[in-house]
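Protein chains in written order, with my numbering: chain U, 1 to 224; chain A, 1001 to 1085.
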C-alpha cells in the first residue's frame, strides 16, 4: 500500500491530498451548519459558507428549474474540488489537473453524470428520441458530440493548468533564487493559479450545468 | 547548398522537425487572441451602454474568453506532444 502510494506521480498524490482535506473540511462545516438555529442570524465564517451555497444553488436553479435539488450536490462538489485543486500549488503541492489522467477522469465524470441523469430523468426511450433530433439520420453525429464535449471539457482544464505550471517552472528556472521567489509569488501564482485556475473551474462548472440541463430537459427551457 | 541526398533521416532530424511543427502549431494562438480581444471590446461597448450591469457583463466576458481560449489550448497541447517526440 505504501509502495503503491510512493510510486504515484506527484499530481495524483496532490489530488488525493486535496480530496481528503476537502472531505474533512466539508464534514466539519456540514456538522456546524446542521447545528445552526434557523431562527437566529448566522455569524462569522459560517455565514460565508451558507451564502456561497445559496448563491450557487440559485445559479443552478436558473438552468435546472424545479429539479435543481437533484443536481446541485454533484455540481457544487465538482466546483469546490476544482477550485481547491487549481489553487493547490499555492500550498506547495503539484497542480493535480496538470496530469492528463486527472483531467480525463473529470471528462469521464462529466460524461457519466450527463448520460446517467439523462437516462434516469428522461427514461431511455425518450432519451434516444432526443438524440435523434432533428432527424434520425443525425444519430451518429449526436452520439459523437455527446462523447466529444466532455472530453473537450477535460482537455481544456488540462491545457490551462499545464500551461500555468510550465510557465511557473520556466520562470523559476530562469531567475536566481530571490528573483524567482519574488516573480512566482507576485506574478505567476496570482495570475495562473488564482486567476485562470478559478476561472477555469467556474467555466467547467457552468458548462457541466448547461450540458446537464440540455440532456435532462431537451426543450431547453424549464419553467417554474 | 544542401543536396537532398545529403540529408540524413535520423532521430535528430525527426526531433528537429517536431520542434518546428510545435512552433507552427502555436500559430493557432492568433485565433484565440483575436477572439478574446473581440469579446473584451464588445464587453467594453456593453459597459458603455449599460454601466449598471458591469458585474454581470464582466462575468459573462470572462466565461466567454475562457471558451475562446480553448482552441489556443488545444494547439498548446499538440505543441507539448510534439516537443515530447
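Where is the CB? At the ideal position from N, CA and C, for every residue including glycine.
Does the beta-carbon of residue i, which I'm using as the reference point, lie nearer than 6 Å to any heavy atom of the ligand ZN?
i              : result
residue 1072/A : Of ligands this structure carries none, so the ligand ZN is not represented either.
If you draw a straight line from the alpha carbon of residue i to that of residue j, how long is it in whole angstroms?
i              : j              : result
residue 77/U   : residue 23/U   : 10 Å
residue 83/U   : residue 1073/A : 19 Å
residue 81/U   : residue 1065/A : 22 Å
residue 4/U    : residue 201/U  : 29 Å
residue 1003/A : residue 136/U  : 57 Å
residue 197/U  : residue 1014/A : 35 Å
residue 1068/A : residue 41/U   : 43 Å
residue 123/U  : residue 139/U  : 17 Å
residue 183/U  : residue 215/U  : 45 Å
residue 112/U  : residue 1082/A : 31 Å
residue 1055/A : residue 153/U  : 25 Å
residue 35/U   : residue 45/U   : 15 Å
residue 20/U   : residue 61/U   : 29 Å
residue 1022/A : residue 142/U  : 32 Å
residue 70/U   : residue 203/U  : 21 Å
residue 1050/A : residue 31/U   : 43 Å
residue 90/U   : residue 191/U  : 12 Å
residue 213/U  : residue 1070/A : 22 Å
residue 223/U  : residue 1062/A : In this prediction, residue 223/U scores a pLDDT of 43, lower than 50, which makes its location untrustworthy; the coordinate-derived value is nonetheless stated afterwards. Computed Cα separation, rounded: 27 Å.
residue 168/U  : residue 188/U  : 6 Å
Since residue i meets chain A, which of its residues come closer than 7 Å, beta carbon to beta carbon?
i             : result
residue 200/U : 1066
Between which two residues does the alpha helix (DSSP H) holding residue i run?
i              : result
residue 146/U  : 139-174
residue 81/U   : 68-86
residue 1009/A : Note, residue 1009/A: premise wrong, no alpha helix (DSSP H); not H, not E.
residue 957/A  : There is no way to answer for residue 957/A, as the model of chain A reaches only from 1001 to 1085.
residue 64/U   : 45-64
residue 7/U    : 2-7
residue 10/U   : 10-34
residue 178/U  : 177-183
residue 209/U  : 196-216
residue 130/U  : 124-131
residue 1045/A : 1029-1049
In chain U, what lies closer than 7 Å to residue i by C-beta?
i              : result
residue 1030/A : Within 7 Å Cβ-Cβ: nothing; residue 1030/A doesn't reach chain U, min ~16 Å.
Give me the chain A residues within the contact set of residue i, using Cβ-Cβ distance strictly less than 8 Å, ordered along the chain.
i             : result
residue 206/U : 1063
residue 162/U : 1076, 1077, 1080
residue 92/U  : Within chain A, no residue comes near residue 92/U; the closest Cβ sits about 24 Å away, beyond 8 Å.
residue 118/U : Ordered by position in chain A, no residue passes the 8 Å Cβ test against residue 118/U, which lies about 23 Å from the chain.
residue 197/U : Here the premise fails: no neighbours, minimum Cβ distance about 11 Å.
residue 65/U  : The premise fails here: residue 65/U is roughly 21 Å from chain A at the closest Cβ pair, so nothing lies under 8 Å.
residue 58/U  : Those within 8 Å of residue 58/U in chain A number zero; the least Cβ separation is about 14 Å.
Could you list which residues in chain A have their beta carbon closer than 9 Å to that of residue i, in chain order?
i             : result
residue 155/U : 1070, 1073, 1074, 1077
### Task
Please name the residues in the region 173-192 of chain U whose beta-carbon is closer than 7 Å to at least one beta-carbon of chain A, in chain order.
Of all residues in the region 173-192 of chain U, none has a C-beta nearer than 7 Å to a C-beta of chain A.
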